[in-house]
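Colleague: Here you go, one structure.
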Amino acid sequence: MAHVDLTGDGLRELAVVSLKGVHILQHSLIQASELVLTRLRRHVEQRKHRQGLGDRVGPRPEEPPAS
Numbered sequence: 002m003a004h005v006d007l008t009g010d011g012l013r014e015l016a017v018v019s020l021k022g023v024h025i026l027q028h029s030l031i032q033a034s035e036l037v038l039t040r041l042r043r044h045v046e047q048r049k050h051r052q053g054l055g056d057r058v059g060p061r062p063e064e065p066p067a068s
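Okay, structure coming up:
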């Protein structure tokens with residue numbers, strides 16, 4: 002068994018060698034794209050939330066000048 006990207010699409014396929022031949026198991030591209038979009042949306046929302054928290058905290062105090 003090997004878990005590698007055989008097709009060059011960025012998703013790893015599972016290649017299984019048996020007595021009956023080589024079997025390639027692939028992910029569904031539709032399900033994979035839905036998962037990527039879901040994770041990307043979540044990442045964007047988390048980033049917006051973090052930036053919103055930073056805005057409410059106020060400006061950072063200035064550092065004293067070096068002597």
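Residue numbers (our numbering): 2 to 68. Note that beta-carbon positions come from the ideal geometry of N, C-alpha and C, so glycine has one too. Since the structure is predicted, the reported quantities are computational estimates derived from the model, not experimental observations.
#1: Bridge partners of GLN18, per DSSP?
#2: In terms of residue numbering, what span does the beta strand (DSSP E) encompassing HIS4 cover?
#3: DSSP state of GLY53, grouped into three classes?
#4: Report the three-state DSSP secondary structure of HIS28 (helix, strand or coil).
#5: Can you give the Cα-Cα distance for LYS42 and GLN32, rounded to whole angstroms?
Modeller: Judging by the given coordinates:
#1: Before going further, note that residue 18 is Val rather than Gln in the sequence given. VAL18 is bridged to VAL23.
#2: 3 to 5
#3: helix
#4: coil
#5: Note that residue 42 is Arg in the sequence shown, not Lys. Distance between the alpha carbons of ARG42 and GLN32: 15 angstroms.
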